[in-house]
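For the sequence shown, numbering that gives the first Met the number 0 gives the first residue as 0, with consecutive numbering after it. Glycine included, every Cβ here is placed at the ideal spot set by N, Cα and C. On a predicted model such as this, the values are computed, not experimentally measured, just so you know.
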Amino acid sequence: MITDHLWFNNTKAFQAVDLEAGDVVEFDARVTPYEKGYQGYRQFIYKPITRDYKLSRPTKVKKVKEAKKS
């Protein structure tokens, strides 16, 4: 997957592998669309609703490579 950002929840599966900044992980997940943008009624706020995607229901989470410790 090539992307500039990715959203997913820090579930128990991720917490169980004790991740630290720089670690490389591998997991399976489902791609779920969601709507983002302002959904209120104020006329002066212009943030149109758009569709974005996140990963949900991660499984088989494993640490592939640990971060280099300095």
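Bridge partners - residue i, DSSP secondary structure assignment
i: Y40; result: The partner list for Y40 (beta bridge, DSSP) is empty, contrary to what the question assumes.
i: L54; result: F7 and V30
i: K62; result: V24
Alpha carbon of residue i to alpha carbon of residue j, nearest angstrom
i: A20; j: P57; result: 19 Å
i: L54; j: E34; result: 14 Å
i: W6; j: K67; result: 24 Å
i: F13; j: K64; result: 14 Å
i: I44; j: G36; result: 10 Å
i: T2; j: D51; result: 12 Å
i: K11; j: V30; result: 19 Å
Would you call the segment 9-28 in contact with the segment 36-45, where contact means no fewer than 3 C-beta pairs closer than 8 Å? These segments do not touch.
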